[in-house]
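J.:
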Amino acid sequence: DMRVNTAQFMALYAWYSWPNVVLCFFGGFLIDRVFGIRLGTVIFSIFVCVGQVVFALGALFNTFWLMEVGRFIFGIGGESLAVAQNTYAVSWFKGKELNLVFGLQLSMARIGSTVNMNIMGWIYSRVQDLLGYAGPSTLGLALLIGGVTCLFSLSCALILAYLDRRAEKLLCKEQGKTGEVIKLTDVKDFSLSLWLIFVICVCYYAAVFPFIGLGKVFFIEKFRFSPQEASAINSIVYIISAPMSPVFGLLVDKVGKNIIWVLCAVVTTLASHIMLAFTFWNPWIAMVTQKAITAVLLCPSMQSIQNLGLAVIAIAAGMILDTRGYLFLEVFFSACVCLSLLAVVMLYFVNQLTGGDLNWSAKKRAKLQKAAASEAEEQERLRRQNEDDLAKLLPKADAFSLRNKYLSKLGAQVSLTGVHRQFKTRII
29 DMRVNTAQFM ALYAWYSWPN VVLCFFGGFL IDRVFGIRLG TVIFSIFVCV GQVVFALGAL
89 FNTFWLMEVG RFIFGIGGES LAVAQNTYAV SWFKGKELNL VFGLQLSMAR IGSTVNMNIM
149 GWIYSRVQDL LGYAGPSTLG LALLIGGVTC LFSLSCALIL AYLDRRAEKL LCKEQGKTGE
209 VIKLTDVKDF SLSLWLIFVI CVCYYAAVFP FIGLGKVFFI EKFRFSPQEA SAINSIVYII
269 SAPMSPVFGL LVDKVGKNII WVLCAVVTTL ASHIMLAFTF WNPWIAMVTQ KAITAVLLCP
329 SMQSIQNLGL AVIAIAAGMI LDTRGYLFLE VFFSACVCLS LLAVVMLYFV NQLTGGDLNW
389 SAKKRAKLQK AAASEAEEQE RLRRQNEDDL AKLLPKADAF SLRNKYLSKL GAQVSLTGVH
449 RQFKTRII
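To convert a position in the sequence shown, counted from 1, into this note's numbering, add 28.
Given below as structure tokens:
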């Protein structure tokens with residue numbers, strides 16, 4: 029409708045990611061030290077609403093730069109709102125309840141993404157039927173209708189703020205906090221294993237989310253799918269990852285061998301991209317296989333480096349598609365996964381040289397945890413025994429000394445005659 033090329037379209041994804049390269053370092057600080065969890069959640073929800081409205085107005089008035097501004101504003105609120113959401117969860121729930129809450133959060137996010145990818149086309153068609161023509165106005169109105177979900181999110185933030193404030197008064201609890209403040213100077217202390225994990229995360233994400241942004245047209249052009257069929261297969265990543273994430277999480281906890289799981293995920297994803305690039309097999313095979321195993325690696329806990337990678341790769345993917353086509357784009361995605369695979373292999377050997385803790389089996393990890401717990405209990409027993417022995421060596425206080433100690437705390441004059449007499453008696 030707006031006559032933009034693929035590079036411009038993918039830039040909209042990049043504009044969401046750019047502010048979060050830096051803001052992820054300060055989102056928790058703003059919630060803890062400046063706004064508080066309640067006000068912070070409301071403020072970031074407002075950013076999301078304003079960003080969506082500005083984005084829709086940019087489409088309505090056929091002004092692409094205004095759409096980019098809207099995505100930037102939306103990005104300011106989006107990731108920080110996720111931090112606030114997790115802070116609420118940690119504040120209200122503990123232990124196994126917290127694991128369930130995080131799982132439900134992920135599932136709801138995946139459901140929302142799936143609904144968005146499958147229903148926005150239908151909304152656009154209904155608006156087009158209502159107006160009688162297609163164009164920027166139709167797109168803008170469809171995006172404004174989609175923005176109703178942002179208003180619903182803001183209303184939930186307001187209700188949650190009221191409930192949290194009420195709980196604070198009734199239960200005498202403090203507002204939730206994000207935890208330890210992270211310093212940029214901590215980067216120098218990062219281990220080689222952690223840097224390799226960064227590389228794995230960025231290169232793997234580069235082949236997943238930019239592909240989703242371009243996947244619908246890819247399936248329409250190469251496999252001659254209808255728009256509805258293309259949307260359905262493109263959204264399979266969210267449909268599958270919602271139930272599979274907790275399943276794979278349970279398997280990884282039970283089996284261990286984390287690096288082996290990551291290696292399997294990367295190899296499977298590479299095979300899927302090669303299949304999509306060089307064959308005309310039914311794409312459901314590649315997509316279902318890839319997205320099922322993708323759940324092993326979808327753990328977005330490295331927001332800064334992840335958003336930096338997504339911003340750069342999104343722009344690069346759009347430029348490659350405009351100039352070279354989908355075959356070269358799939359080769360590019362495969363190359364990114366190959367880099368991720370190389371980093372996994374390097375991580376395996378580095379981990380072996382540094383103790384192998386990342387690739388322990390669940391049985392070995394449980395054994396070491398049990399040994400550590402036993403050692404801690406033994407140290408606590410020795411500490412208590414030392415305290416008891418020390419207490420036996422100290423003289424017991426009689427009633428007279430306790431009386432003087434109490435009176436001295438009250439500021440009264442204490443007779444020292446009895447004290448001297450008692451002291452002499454003990455010496456004798």
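Beta carbons: idealized from backbone N, C-alpha and C, even for Gly.
Can you tell me whether DSSP reads residue 284 as helix, strand or coil?
T.: Looking at residue 284 - three-state DSSP - the assignment turns out to be strand.
J.: Between residue 151 and residue 174, how many whole angstroms is the CB-CB distance? I'm expecting something under 8 Å.
T.: Right, their Cβ atoms sit about 7 Å apart.
J.: Of the choices 82, 99 and 61, whose alpha-carbon is the least far from that of residue 36?
T.: For residue 36, the nearest C-alpha among the options comes from 99.
J.: Any idea what DSSP makes of residue 108, helix, strand or coil?
T.: In the structure shown, residue 108 sits in a helix (DSSP, three-state: H, G or I).
J.: Confirm, please, whether the CB-CB distance from residue 47 to residue 103 is below 7 Å.
T.: Cβ atoms of residue 103 and residue 47: closer than 7 Å.
J.: With a threshold of 16 other CB atoms inside 10 Å of the CB of residue 382, please say whether the residue is buried or exposed.
T.: When all chains shown are included, residue 382 counts as exposed.
J.: Go ahead and label residue 161 buried or exposed: buried means 16 or more other beta carbons lie within 10 angstroms of its beta carbon, across all protein chains shown.
T.: The residue in question, residue 161, is exposed, as its Cβ has fewer than 16 Cβ neighbours within 10 Å.
J.: With distances taken from CA atoms, which of 391, 409, 336 and 129 is nearest residue 279?
T.: For residue 279, the nearest C-alpha among the options comes from 391.
J.: What are the residues that DSSP puts in a beta bridge with residue 389?
T.: In DSSP, residue 389 forms a bridge with 284.
J.: Could you tell me if residue 62 is buried or exposed, where buried requires 16 or more neighbouring beta carbons within 10 angstroms of its beta carbon?
T.: Residue 62 comes out exposed.
J.: How is the alpha helix (DSSP H) around residue 374 delimited, first residue to last?
T.: Counting along the chain, the alpha helix (DSSP H) containing residue 374 begins and ends at 354 to 381.
J.: Are residue 101 and residue 79 closer than 7 Å when you measure CB to CB?
T.: In this structure, residue 79 lies closer than 7 Å to residue 101 by Cβ.
J.: Could you please give the first and the last residue of the uninterrupted alpha helix (DSSP H) stretch that includes residue 217?
T.: Looking at the DSSP string, residue 217 is not in any alpha helix (DSSP H), and its letter there is neither H nor E.
J.: May I have the straight-line CA-CA distance separating residue 454 from residue 415, to the nearest angstrom?
T.: For residue 454, the predicted structure reports a pLDDT of 45, less than 50, and the residue's modelled location is therefore unreliable. A value from the coordinates is still provided. Distance between the alpha carbons of residue 454 and residue 415: 23 Å.
J.: Which of helix, strand or coil does DSSP assign to residue 251?
T.: Helix at residue 251.
J.: For residue 34, name the three-state secondary structure that DSSP assigns.
T.: Residue 34: helix per DSSP, three-state reduction.
J.: If you follow the alpha helix (DSSP H) that residue 58 is in, where does it begin and where does it stop?
T.: Where residue 58 is concerned, there is no enclosing alpha helix (DSSP H), given that its DSSP letter is neither H nor E.
J.: Can you tell which of 376, 336, 348 and 358 has its C-alpha closest to the C-alpha of residue 292?
T.: Comparing Cα positions, the closest option is 376.
J.: Would you mind giving the Cβ-Cβ distance between residue 301 and residue 249, rounded to the nearest angstrom? I have them listed as a contact below 8 Å.
T.: The pair is not a contact, with the Cβ atoms about 17 Å apart (cut-off 8 Å).
J.: Run through DSSP, which three-state label would residue 308 get?
T.: Three-state DSSP puts residue 308 in coil, outside helix and strand.
J.: Give me the residue from 407, 135, 119 and 54 with the minimum Cα distance to residue 272.
T.: Among 407, 135, 119 and 54, the Cα nearest to that of residue 272 belongs to 135.
J.: Could you tell me which of 262, 71 and 108 sits nearest to residue 138, measuring between CA atoms?
T.: For the residues 262, 71 and 108, the minimum Cα distance to residue 138 belongs to 262.
J.: Where does the unbroken alpha helix (DSSP H) through residue 89 begin, and where does it stop?
T.: From DSSP, residue 89 is part of no alpha helix (DSSP H); its letter is neither H nor E.
J.: With respect to the alpha helix (DSSP H) encompassing residue 174, which residues constitute its N-terminal and C-terminal limits?
T.: Segment 164 to 174, the alpha helix (DSSP H) holding residue 174.
J.: Measuring alpha carbon to alpha carbon, tell me which residue in 244, 170 and 387 is nearest residue 148.
T.: It is 170.
J.: With a Cβ-Cβ cutoff of 7 Å, do residue 231 and residue 364 count as a contact?
T.: Going by C-beta atoms, residue 231 is nearer than 7 Å to residue 364.
J.: Let me know if residue 244 comes out buried or exposed under the rule of 16 or more other beta-carbons within 10 Å of its beta-carbon.
T.: Residue 244 is buried by the Cβ-count criterion.
J.: Expressed to the nearest angstrom, what Euclidean distance is found between the alpha-carbon atoms of residue 93 and residue 40?
T.: Roughly 10 Å separates the two Cα atoms.
J.: Less than 7 Å between the C-beta atoms of residue 68 and residue 112, yes or no?
T.: Yes, these two residues count as a Cβ contact at 7 Å.
J.: Beta-carbon separation of residue 172 and residue 378 under 7 Å?
T.: Taking 7 Å as the Cβ cut-off, residue 172 and residue 378 do not qualify as a contacting pair.
J.: Which term fits residue 309, buried or exposed, when burial requires 16 or more other beta carbons within 10 angstroms of its beta carbon?
T.: Looking at its Cβ environment, which holds fewer than 16 other Cβ atoms inside 10 Å, residue 309 is exposed.
J.: So, at 7 Å on beta carbons, what are the nonlocal neighbours of residue 295 in its own chain, with the 5 sequence-adjacent residues on each side left out?
T.: Contacts found: 369.
J.: Give the single residue among 146, 59 and 225 whose Cα lies nearest to the Cα of residue 109.
T.: With distances taken between Cα atoms, residue 109 lies closest to 59.
J.: Measuring alpha carbon to alpha carbon, tell me which of 367, 411, 83 and 74 ends up nearest residue 233.
T.: Taking only the C-alpha atoms, the option nearest residue 233 is 367.
J.: Measure the alpha-carbon distance for residue 192 versus residue 396 and round it to whole angstroms.
T.: Approximately 40 Å, taken between the alpha carbons.
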